[in-house]
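Engineer: Sharing a structure with you now.
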Amino acid sequence: MTVLVAYASVTGGTAEIAEWIADELRATGLDAHSVPAGAVPDIAPYEAVVLGSALHMSGWHADARRFAQRFGPVLAGRPAWVFSSGPLEDAGVCAAVPPCTQAVNAMRMMGTRDHATFGGRLSEEAHGWLGFVSRRMAASGHGGDFRDPARVRAWAREIAGAVQTAQRT
Ligand SMILES: Cc1cc2nc3c(=O)[nH]c(=O)nc-3n(C[C@H](O)[C@H](O)[C@H](O)COP(=O)(O)O)c2cc1C
24 MTVLVAYASV TGGTAEIAEW IADELRATGL DAHSVPAGAV PDIAPYEAVV
74 LGSALHMSGW HADARRFAQR FGPVLAGRPA WVFSSGPLED AGVCAAVPPC
124 TQAVNAMRMM GTRDHATFGG RLSEEAHGWL GFVSRRMAAS GHGGDFRDPA
174 RVRAWAREIA GAVQTAQRT
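The sequence shown maps to residues 24 to 192 in this note's numbering.
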């Protein structure tokens, strides 16, 4: 089965999470591709979809929102999962962060209740306003990489199990 892992990322942290998910899905024998959400022309080739977005100012990236609006109605019952990446907190705190309003809307449009919040990574190399704010946040002690590859990969294995079960039925 072919699985799309679509993501919206500004400074690369969420892109890497999407690649960890795709990598883990491939390890179970699935044909998985991580692709920027804004660069997906069509979801017809995919039998299951994962959509993730970075969180900025409590909201989802526009590319992820547009992806859900455009493709949610044509998913037609294909299994879907959603994740957000952002909190600069330990994994236990991140796991308890509920989806933001835009993620909830995406879940509704994509017909799924499966959502995970993963920790983010503050990149001080970001450009422009984002870079300025990121460096200020880092200087005030809010920097670092709070992504947890093991937790992300464990979530991906759950997806793989569900996709393979759906394949058999
Ligand atoms: C200006 C700014 C605002 C942010 N706002 C949020 C937020 O509202 N909620 C959150 O969980 N993380 C927030 N973050 C953390 C980012 O989501 C985190 O750095 C994330 O890993 C960025 O993903 P990306 O590298 O894929 O763009 C913010 C970061 C910056 C620089």
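By construction, the Cβ of each residue, glycine as well, lies at the ideal position given by its N, Cα and C atoms.
1. Run the proximity test for R174: is its beta-carbon closer than 7 Å to any non-hydrogen atom belonging to ligand 1?
2. Would you check whether ligand 1 has a heavy atom nearer than 7 Å to the C-beta of P68?
3. Return helix, strand or coil for F106, following the three-state DSSP convention.
4. Give me the residue from A85, A139 and T51 with the minimum Cα distance to G109.
5. Does the Cβ-Cβ distance between V105 and M133 come in under 8 Å?
6. Answer yes if the stretch 150–164 comes into contact with the stretch 36–52, meaning at least three C-beta pairs across the two stretches below 8 Å, and no otherwise.
7. In this structure, does DSSP put S32 in helix, strand or coil?
8. For the alpha helix (DSSP H) that contains L153, what are its first and last residues?
Structural biologist: Once the coordinates are examined:
1. no
2. no
3. strand
4. A139
5. yes
6. no
7. coil
8. G151 to M160
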